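Residue numbers 23 to 495, in full-length UniProt numbering, belong to the letters of the sequence shown in order.
Beta carbons are placed, not taken as given, at the ideal position from N, Cα and C, and that holds for glycine.
Model, not experiment: these values are computed from the prediction.
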Amino acid sequence: YAKNTTQDVVVIGGGPGGYVAAIKAAQLGLQTTCVEKRGTLGGTCLNVGCIPSKALLHATHLYHEINDSAKWGIEISGPAKINIEKLMSQKQKAVTGLTSGIEHLFKKNKVEYSKGHGRITGKNEVTVYDANNKEVEKITTKNIIIATGSEPTPLPFIEFDEKVVVSSTGALSLDKIPEKLIVIGGGVIGLEMGSVWSRLGSEVTVIEFLDRITPFEDPEVSKEFQKILSKQGINFMLSKKVVGATKNGDQVTLKLEDSKGGNPTEITANVALVSIGRKPYTADLGLDNVNVKVDNRGRVEVEEHSLKVKGTENIYAIGDVIVGPMLAHKAEDEGIFIAERLAGKEGHINYDCIPSVIYTSPEVAHVGLNESELKEKGVKYNVGKFPMMANSRARTNGDSVGFVKILADSETDRVLGVHIIGPNAGEQIAECVLAMEYGASSEDIGRTCHAHPTLSEAVKEAAMATHSKAIHF
Ligand code: FAD
Ligand code: NAI
């Protein structure tokens with residue numbers, strides 16, 4: 023017989039949105055269950071997303087640096103070699119360590135962990151099923167939080183086999199280095215995973231539908247980024263669409279056309295990575311049982327300021343399954359926001375200050391609006407730009423590509439957006455997020471003392487450049 027339980031909160035999904043919401047709710051004294059069907063906690067991010075991809079990016083960067091170390095007088099006999107099996111097992115170690123760590127956090131914070139598929143079977147009821155669709159637990163609950171995340175979007179004419187035609191999940195676990203890798207979609211996944219395999223020796227070609235890669239970045243950043251990645255050996259085919267595909271054994275041939283149509287060509291590779299975006303995941307969730315509809319992109323619709331699912335009183339949704347950037351930290355912040363609200367507290371989330379980082383080399387990071395968004399909104403702004411070539415630490419490290427660009431309101435000097443392409447951009451953006459969260463002006467950043475010699479001085483100098491002049495450029 024199924025177990026019967028009564029709780030204050032049931033969270034469906036144990037990814038960064040769900041597990042963080044569950045821990046926070048329990049910390050605030052609410053009786054909480056988190057239902058997860060994957061078998062491990064941490065969701066897409068820890069299992070097949072952020073964490074394994076960063077492990078591979080770290081290791082392959084190291085590999086590249088080692089083979090490039092002679093300029094520092096570090097001489098090794100012959101080129102460093104890659105043992106792909108060991109690389110993959112070290113990546114898996116990072117994943118397993120972190121996912122099991124969340125189980126410990128659940129125990130420590132007294133979150134009930136229910137393993138299985140959660141379905142909403144009533145306004146105040148979630149039923150959990152095992153892999154054979156057998157009912158294992160029926161939970162009566164005051165509140166439900168939907169945190170079921172997202173899944174890769176396939177192309178309509180090729181299915182993922184995760185060997186030759188792969189999603190990010192397959193691209194994280196290839197057992198040999200493909201001679202030729204085609205990446206469909208020049209966004210975050212395509213460029214991170216493309217970098218990994220390119221560093222390992224694959225010939226990588228990125229096919230992008232639009233006329234620039236990373237179309238969500240500042241246009242100047244996209245341009246610089248493509249230039250740098252091209253120098254690293256990645257090929258780009260812009261304004262192209264894939265219109266057909268045939269698999270022949272361990273190869274795949276893609277039919278291409280210009281995005282506007284016409285000019286047909288073909289390209290063959292050992293592996294094709296489809297990274298054209300992700301879509302919300304709500305399969306078999308029981309939304310019909312509570313009359314919840316999804317929008318035209320499959321997202322659960324929530325009220326803007328409360329994240330309450332439209333048409334319901336006690337059901338909330340967070341993370342990739344709702345509107346907004348599909349990022350782990352956005353999901354986490356929404357999880358904390360809801361937990362605090364359910365515990366009778368205020369909660370805080372600022373959608374204008376959510377950073378985004380692409381963990382390539384160099385890293386690309388931004389917070390706030392870019393130049394094309396500001397132009398579209400008709401906002402007048404000043405630009406302060408500082409090249410990493412003029413930053414002493416970057417020069418010392420022999421890694422001085424890219425720039426910092428700060429956009430500040432031309433009347434108030436308030437920082438509206440920061441765009442960084444360069445070494446450690448992902449860490450550097452943090453101070454800019456904090457500055458924007460507190461409504462800083464670019465003068466505030468420019469007058470804040472930054473340690474020398476650090477990469478962060480480039481942020482200070484870019485801030486100085488918005489309203490007066492940088493010192494070192
Ligand atoms: P998810 O992490 O997708 O978790 C949802 C969980 O719910 C899943 O474990 C699923 O099994 C479970 N579930 C679904 N339905 C049910 C059900 N009915 N019952 C029980 N369980 C269910 N973001 C970043 O911020 N930084 C990065 O560096 C980064 N790198 C990424 C790299 C890759 C390759 C990918 C694919 C994504 C990356 N992301 C990154 C995005 C990030 O992984 C997601 O934004 C984040 O995981 C979303 O969290 P979530 O909690 O909303 O959903
Ligand atoms: P994406 O939205 O980053 O990029 C998709 C790219 O594919 C875009 O450039 C788009 O113009 C292009 N495209 C769309 N359809 C196409 C088609 N038919 N043919 C050719 N190109 C096409 O999506 P991606 O890379 O799949 O990542 C999914 C999500 O995962 C992202 O929204 C991102 O937020 C998240 N993610 C975040 C990471 C990070 O924060 N570092 C790392 C990896 C993923």
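Assignment of Tyr338 by DSSP, reduced to helix, strand and coil, places it in the strand class. For the ligand NAI, a non-hydrogen atom lies closer than 6 Å to the CB of Pro237. If you check the C-beta of Ser297 against the ligand NAI, you find a heavy atom less than 6 Å away. For His472, the three-state secondary structure derived from DSSP is coil. At a threshold of 6 Å, Gly208 counts as near the ligand NAI, since its beta carbon sits closer than that to one of the ligand's heavy atoms.
Take the alpha-carbon of Glu87 and the one of Ala116: they are about 21 Å apart.
Beta bridge pairing from DSSP links Glu325 with no other residue.
Glu225 is a Cβ neighbour of Lys202, given a cutoff of 7 Å. If you ignore the 5 residues before and after Cys454, its C-beta comes within less than 6 Å of the C-beta of Val389, Val440, all in its own chain and listed in chain order. For the pair Val314 and Ile166, the Cα-to-Cα distance works out to about 13 Å. With 16 or more other CB atoms across the displayed protein chains lying within 10 angstroms of its CB, Gly209 is buried. If you draw a straight line from the Cα of Asp310 to the Cα of Tyr338, it is about 15 Å long.
Excluding five sequence positions before and after Thr275, the CB atoms of its chain that fall closer than 6 Å to its own CB belong to Thr268, Glu288, Thr290, given in chain order. Counting along the chain, Ser378 sits inside the beta strand (DSSP E) bounded by residues 378-380. In this structure, Lys263 has its CB closer than 6 Å to one or more heavy atoms of the ligand NAI. For Leu260, the secondary structure class from DSSP, reduced to helix, strand or coil, is coil. Under DSSP, Ala430 shares a beta bridge with Asn404, Val437. Using a 10 angstroms sphere on the CB of Lys262, the tally of other CB atoms reaches 16 or more, which defines it as buried.
Secondary structure in the region 160-211: the beta strand (DSSP E) runs of 3 residues or longer, each lying completely within the stretch, are 172-174, 202-206 in chain order. Uninterrupted beta strand (DSSP E) stretches at least 3 residues long and entirely within the region 54-126 occur at 54-58, given in chain order. Taking C-beta atoms as the reference points, Glu214 and Thr66 fail to come closer than 7 Å.
Assignment of Thr418 by DSSP, reduced to helix, strand and coil, places it in the helix class. For Met215, the distance from the CB to the nearest heavy atom of the ligand NAI is not below 6 Å. An exposed status is given to Lys397, since fewer than 16 other beta-carbon atoms sit within 10 Å of its beta-carbon. When only Cα atoms are considered, Ala361 and Ala44 end up about 7 Å apart.
With contacts defined as CB atoms closer than 7 Å, Gly35 and Thr162 fail to qualify as a contacting pair. By the neighbour-count criterion, in which a residue is buried when 16 or more other Cβ atoms sit within 10 angstroms of its Cβ, Glu385 is buried. Arg319 has its CB no nearer than 6 Å to any heavy atom of the ligand FAD.
At a Cβ-Cβ threshold of 7 Å, Lys330 and Glu323 do not count as neighbours. In the structure shown, the three-state DSSP call for Phe425 is strand. Checking the 6 Å criterion, the Cβ of Glu230 is within range of a heavy atom belonging to the ligand NAI.
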